[in-house]
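For the sequence shown, this note's numbering begins at 318 and goes up steadily by one. Here's the structure we're looking at; comments come further down.
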Amino acid sequence: MSLLRLDEILVNDKFENISKIGNLLESEVSEVAKNYLVLLGGAVVRYRKEGEKFVFDIELTAERVKPFGKIIG
318 MSLLRLDEIL VNDKFENISK IGNLLESEVS EVAKNYLVLL GGAVVRYRKE
368 GEKFVFDIEL TAERVKPFGK IIG
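Set out below in structure tokens:
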């Protein structure tokens with residue numbers, strides 16, 4: 318097997334794992350966001366590979382922001 322083919326297999330394997338991470342992020346981000354927002358649906362996570370890095374875009378649609386107590390800043 319050539320090194321180029323091996324590199325391609327490793328990159329594809331990493332990207333497959335990234336899709337699993339994207340699914341986990343959708344669930345986790347939605348749960349955290351529910352503390353602050355009245356959501357209309359769950360989080361939508363999109364990802365892409367840019368060079369050697371992965372870029373994640375997380376989208377939430379909310380009906381409103383939940384009221385907060387007094388914030389001391």
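Every residue gets a Cβ at the ideal spot worked out from N, C-alpha and C, and that includes glycine.
Leaving out five residues on either side along the sequence, give the residues of the same chain with a beta carbon under 8 Å from the beta carbon of residue i.
i	result
Phe-373	Gly-339, Leu-342, Val-362, Arg-363 and Tyr-364
Taking the CB atoms as reference points, tell me whether residue i and residue j lie closer together than 7 Å.
i	j	result
Leu-354	Val-382	yes
Phe-371	Ile-335	yes
Quick check on residue i: does DSSP put it in helix, strand or coil?
i	result
Leu-354	strand
Glu-380	strand
Glu-367	strand
Gly-339	helix
For residue i, which residues in the same chain have their Cβ closer than 6 Å to its Cβ, ignoring the five residues on either side in sequence?
i	result
Glu-376	Val-361
List the DSSP bridge partners of residue i.
i	result
Val-372	Arg-365
Going by beta carbon distance, what residues of the same chain come within less than 7 Å of residue i, once the five residues before and after it are set aside?
i	result
Glu-380	Val-355 and Leu-357
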